[in-house]
Each structure stands twice: as structure tokens, then as C-alpha cells.
Amino acid sequence: MKKSIKISGDGFISEGEYDVVKIMGDVSSIGNVYAREVKINGDAEFRGNLDFGQLNVRGNTHINGDIKVGQVKISGDLLVDGNDDIEKLVLVGDCKFSSDIKCDIVDIDGDIDIESNIYAKEININGLVKVKGSIECESITIKGSIQCDGILKAQSVNIYPYSKSYCNEIKSSKIEILKYRRKYIPNLYKVKHGRFSCKSMKGDDIKLENSYVEYIEYTKNLNISDDCKVEKSVKVS
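When you read off a place in the sequence shown, starting at 1, and then add 23, the result is the number in the numbering used here.
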């Protein structure tokens, strides 16, 4: 039977296989670590490759190596300097990845910074996503802000920006860029909408509000509100 460990205060985790790892304090580790479940309430630094069934981060964690994990829950800060293979990512806080993210489901309520690309089935973001590479998924919904230097490819794209947002290029069957409508009390709160900009947009059905797009290519429908500016649009068969 694999052993479990619990560290309160300062400590060190040796390379090896564990059942449950609980960290409450300041912990470092050098070498490869395998565990069914890891809970971090404090600060942790791993230098090596990790293979976890579940990872729960409540605090600050730095991983200098590759990580493979079934489910990650983050309500703190996570920095990954290495490759990652994640089935489900749930984030409430800040997260930064230096390499590609490969994930089935991404649920984010916070900020995520990706130095490379993200590949997923479903992406839901309530906050800020920065991607220096490209995004490929089946569906993506963003309520907040997106900054994508590469290509956003998906079957369905829904973006509701409440601060300045942009994508270099979008390719999707259905694209909707709509004003973010907060629930608010009239006359007490002034609602601000973030403007969205894009160089190239290609899709079947496209609906835009408060957007600037240099070039649009569509096959079925194009619906543009009065607060949009489109330099050129072409309907193709």
C-alpha cells in the first residue's frame, strides 16, 4: 500500500509514490512524484515530473517540470514551467503555463496566462485569458477579456468583453461577440462595455456588437450593430 504524508510547517517531499499528500506550510520537492491526491494549503515548489490523480491548490505552487493530472482545482496561484496533460482544470485565482495546455474541460473564474497554445473540448472563462499562441476547442465562452495573438478555432465562439479584448484571427462556424450585460441597479451603476478587435474573422453565422474587424468572410449570416466597424466583409458560397 502506498503511504500518505502530511506536512505542517517547513518540509521536503522525497521522490516516490504516495497515496495522499497534504501540505500545510512551505514545502519543496526534487525528483519525480506520483500520488493519487495532492492538497496544497500554503507554498510548494516541485522540481521534477509529477503524475497526480487530483491536485487541489490553495496557496502558491510552482512546478518546474512536466505534470500529468486528472483534475486540477486552483483557488490560489499556480505556475507551471513544463509540459502539462490535464483532464479538467478548474481555476479560481491566477494561473500561468509556459507550454501548451491540453485539457478536456477548462472552467476559469480568474486570470490565466498561457505562453503557448491551448487545446480543449470546452472552455468557460469568467475573467481574463492571455494566449500568446492559438486556441483550439469545440466551444468557448468568455465573460471578461481575451487577448489571443494567434488563431482561435472552434465550432462555437461566444465572447462578452467587459474590457479591451482582441484576437488576431477567429475561425468558427458560429461567432457571437456581444456586449457584456451585468445585472445592476439602475441609476447607481454605470455599465461599461469592452471593445473587441480582430484582424480576420471567418465563419458561417456571425453576430457582432461594439467590435472592430478588419476582414470578415462568412457563408450564411452577418449581423453587425451600429457601434461596429468592419473594413471589409465578403460572403462566400
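For glycine and all other residues, C-beta sits at the position ideal for the given N, C-alpha and C.
Beta bridge counterpart(s) of residue i as assigned by DSSP
| i | result |
| --- | --- |
| C118 | L101 and I135 |
| E51 | Going by the sequence as given, residue 51 is Ser instead of Glu. DSSP, once it has assigned bridges, lists F35 and E68 as partnering S51. |
| G167 | P184 |
| L112 | V95 and V129 |
| C190 | C171 and C221 |
Collapsed DSSP secondary structure at residue i in the structure displayed
| i | result |
| --- | --- |
| Y41 | strand |
| C251 | coil |
| N72 | coil |
| S256 | strand |
| D89 | coil |
| C221 | strand |
| S27 | coil |
| A177 | strand |
| N233 | coil |
| L211 | At L211, the pLDDT of 45 sits below 50, so the modelled position is not reliable; the number obtained from the coordinates is stated separately. In the structure shown, L211 sits in coil (DSSP, three-state: anything other than H, G, I, E or B). |
| A143 | coil |
| N149 | coil |
| N106 | coil |
Residue j beta carbon less than 7 Å from that of residue i
| i | j | result |
| --- | --- | --- |
| G105 | D89 | yes |
| L114 | G133 | yes |
| K96 | N79 | yes |
| E40 | Y57 | yes |
| V263 | I169 | Any property of residue 263 remains undetermined from this structure, which presents the chain solely from 24 to 260. |
| K155 | K176 | no |
Rounded Cβ spacing between residue i and residue j (contact assumed at less than 8 Å)
| i | j | result |
| --- | --- | --- |
| K258 | Y241 | 6 Å |
| E237 | C251 | Going by Cβ atoms, the distance from E237 to C251 rounds to 12 Å, so no, they are not a contact pair. |
| D42 | S27 | 5 Å |
| G71 | R59 | Not quite, the Cβ-Cβ distance comes to about 17 Å (not below 8 Å), so this is no contact. |
Chain C within 7 Å of residue i, Cβ atoms only
| i | result |
| --- | --- |
| E60 | Here chain C cannot be found, since the structure has a single protein chain. |
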